[in-house]
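S.K.: Here's a structure for you.
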Amino acid sequence: MPQVFEFKLPDLGEGLTEAEIVRWLVEVGDVVAVDQPVVEVETAKAMVDIPCPYAGVVTARFGEEGTELPVGAPLITVAVGAPASGGPAEAPGGSSDEGSGNVLVGYGTAAPPERRRRVRPAAPTTSTGRPSAGTANGTAAREAAPTAASAGTATPEPAGTGVARPVGTGAAAGHGPVGHGRDTAPAEDETRSEGPVPVISPLVRRLAREHGLDLRELHGSGPDGLILRADVEYALRAAEARGRTTQPSAEPHPRVTPTTPAPSAPVPPAQTPVRSSAPLGGIRTPLKGIRGAVADKLSRSRREIPDATCWVDADATELMRARTAMNAAGGPKISLLALLARICTAALARFPELNSTVDMEAREVVQLDHVHLGFAAQTERGLVVPVVRDAHARDAESLTAEFARLTEAARTGTLTPAELTGGTFTLNNYGVFGVDGSTPIINHPEAAMLGVGRIIPKPWVHEGELAVRQVVELSLTFDHRVCDGGTAGGFLRYVADCVEQPAVLLRTL
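Once you know that position 140 of the sequence shown is 144 in this note's numbering, the rest is easy, because the numbers rise by one and skip nothing.
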């Protein structure tokens, strides 16, 4: 008899907790091989093909195209050992010794190790036989994702781990794809025996905990009552509309339901917000995918970073002439963005305070020794910030090529999460939109961003006489925790000097 394995949406790394199904690559009944892509999903950072770590026949798919799934939700089930094309399907991980490829976070390339047993203490169960919220490491919540398989269906680790575990046995798993950037440590209130709470995302638990919501009082809108982030946010909005917003107390883990005001901060009736019960008109656009991620990041930047902006006009005539001369000399064309990036890296070498980040837990400013330069790129899917690694070690030609490659990948939606993270400083050329100036929001957790407006002919005093020159407005938004205005002003003035007299760069080369 074939054995059915369930493949769940794996942890895609970089703290991503959900993904939207864009296109199914297999149908029910198709035969799949190990590491064959089965679905294309869109995360908050990029489009990703998800490969299946099992070989066999697809028996079920979960979710229509356009559906958003949390990490850990089932994607497909695969019957392993079922006859296909006159012969049996491969076992999980394939019949070769190579095992599954290193295709996603938590999936190795080595052959599966020898199968081993794990002995765990008996976990407390509810009357339904499911483990309670008090199972080890809070994994009962993670195992609460719906499954279409029968009670005998096994859900093993992906190929390369060699560990399988049955569904419905009441044993806590605590073993799965490696999480990156997510707080998966159990909170005190998650380790008490409270009955099963169908919450799969640690982000949802943390959001509820920070606002004093008892998850047992919520009804999830996900499959099988799964509590989603939207459910928690809706409960918070509903409580606020009733004038009873919850307040985090000084207790380690407050327990305030959405319908009960925090006893220490009652809201007087006169301050209760008055809202119309009639539905609002207009077009509603969900904040999800890239747009949702951008909204969250910009909001966090405004909350956490005490930013300030300084700006200066500069005569870019000589810079434009230098670029024309470089391109006339033959060889690959040099972009204006590459020259501005070269100026940025030279300025950061002189003012390294702006190539840093703030660690508030340690109360330290961390000055970074590499410049990974992000640049803002507007695409049909929204604003993204690809990152040029080790920009300080690249010349203008190399920077031009890398900017072109990353821009094309941004337009086609093929940027990887690694290409969208890890920046230490951002260059924002908003002049392409035909505007002169801006006060950009810092790309958290960076400490500064240089903005460049359009370069246009303007009256300018040059060598004591009025002339028409190519003028650009430069702005620097910086985190005031990492430096004072003198440092920021010095950085911006150096950038302006290089724009006005490109030969100034020769001093630092």
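Beta carbons: idealized from backbone N, C-alpha and C, even for Gly.
Please read all numbers here as calculations on a predicted model, not as lab measurements.
Hey, Phe-11 and Pro-74 are a contact pair by Cβ (cut 8 Å); roughly how many whole angstroms apart?
M.R.: Actually they do not touch by this definition, with Cβ atoms about 15 Å apart.
S.K.: With distance defined between alpha-carbon atoms, name the residue in Glu-214, Leu-230, Gly-229 nearest to Leu-240.
M.R.: It is Glu-214 whose Cα lies nearest to the Cα of Leu-240.
S.K.: Could you tell me the distance, in whole angstroms, from the CA atom of Glu-237 to the CA atom of Val-208?
M.R.: Using only the alpha carbons, I get a separation of about 9 Å.
S.K.: Pull up the DSSP beta-bridge partners for Cys-314, would you.
M.R.: Looking at the DSSP assignment, Cys-314 forms a beta bridge with Leu-480.
S.K.: Using the C-alpha atoms, what's the distance from Ala-350 back to Glu-31?
M.R.: When rounded, the distance between both Cα atoms is 54 Å.
S.K.: Check the DSSP bridge columns for Ala-381 and list the partner residues they point to.
M.R.: Ala-381 pairs with Val-388.
S.K.: Please work out which residues of its chain come closer than 7 Å, Cβ to Cβ, to Glu-69, disregarding the five sequence neighbours upstream and downstream, and give them in chain order.
M.R.: Ile-25, Val-26, Arg-27, Trp-28.
S.K.: With a Cβ-Cβ cutoff of 8 Å, do Val-391 and His-376 count as a contact?
M.R.: Contact flag set, yes.
S.K.: Determine the direct distance from the alpha carbon of Val-52 to that of Thr-418, and round the result to whole angstroms.
M.R.: Thr-418 and Val-52: Cα-Cα distance of roughly 8 Å.
S.K.: How many angstroms separate the CA atom of Leu-340 from the CA atom of Val-8?
M.R.: Approximately 56 Å between the Cα atoms of the pair.
S.K.: What are the boundary residues of the beta strand (DSSP E) that includes Thr-578?
M.R.: Given a span of 5 to 513 for the chain in the structure shown, any question on residue 578 remains unanswerable.
S.K.: Grab me the residues of Val-45's own chain with a C-beta within less than 7 Å of its C-beta, minus the 5 sequence neighbours each way, in chain order.
M.R.: Result list for Val-45: Ala-23, Glu-24, Ile-25, Val-26, Val-52, Ile-54, in chain order.
S.K.: Taking only the alpha-carbon atoms, compute the straight-line gap between Val-42 and Ala-345 and give it to the nearest angstrom.
M.R.: Taking the straight line joining both Cα atoms gives about 40 Å.
S.K.: State the DSSP-derived secondary structure class of Thr-328, mapped to helix, strand or coil.
M.R.: Helix at Thr-328.
S.K.: Please name the residue in Ala-297, Ser-402, Leu-352 whose C-alpha comes closest to that of Gly-386.
M.R.: Comparing Cα-Cα distances from Gly-386 to each of Ala-297, Ser-402, Leu-352, the minimum goes to Ala-297.
S.K.: Given a cut-off of 8 Å, decide if Val-316 and Leu-431 are closer than it, judged by their beta-carbon atoms.
M.R.: It is not a contact, given that the beta carbons lie outside the stated cut-off.
S.K.: Please name the residue, chosen from Ile-294, Phe-407, Leu-230, Val-476, that lies closest to Gly-438 on a Cα-to-Cα basis.
M.R.: Among Ile-294, Phe-407, Leu-230, Val-476, the Cα nearest to that of Gly-438 belongs to Val-476.
S.K.: Roughly how many angstroms separate the alpha carbons of Glu-504 and Ser-305, rounded to a whole number?
M.R.: Spanning the two alpha carbons is a distance of roughly 32 Å.
S.K.: Gly-335: which of Ala-400, Arg-288, Ala-366 sits nearest, CA to CA?
M.R.: Of the listed residues, the one whose Cα sits closest to Gly-335 is Ala-400.
S.K.: From the DSSP output, read off the bridge partner residues of Leu-419.
M.R.: Leu-419 pairs with nothing; no bridge assigned.
S.K.: If you draw a straight line from the alpha carbon of Arg-367 to that of Val-486, how long is it in whole angstroms?
M.R.: Roughly 11 Å between the two C-alpha positions.
S.K.: With DSSP run on the structure shown, which of helix, strand or coil describes Lys-462?
M.R.: Here Lys-462 sits in strand by DSSP.
S.K.: For the candidate residues Leu-358, Asp-34, Arg-409, whose alpha-carbon lies nearest to that of Gly-494?
M.R.: It is Leu-358 whose Cα lies nearest to the Cα of Gly-494.
S.K.: Output needed for Ser-281: all residues of its chain with C-beta closer than 8 Å, excluding positions within five of it in sequence on either side, in chain order.
M.R.: Confidence at Ser-281 is low in this model, with a pLDDT of 48, below 50, so its placement is unreliable and no value can be given for it.
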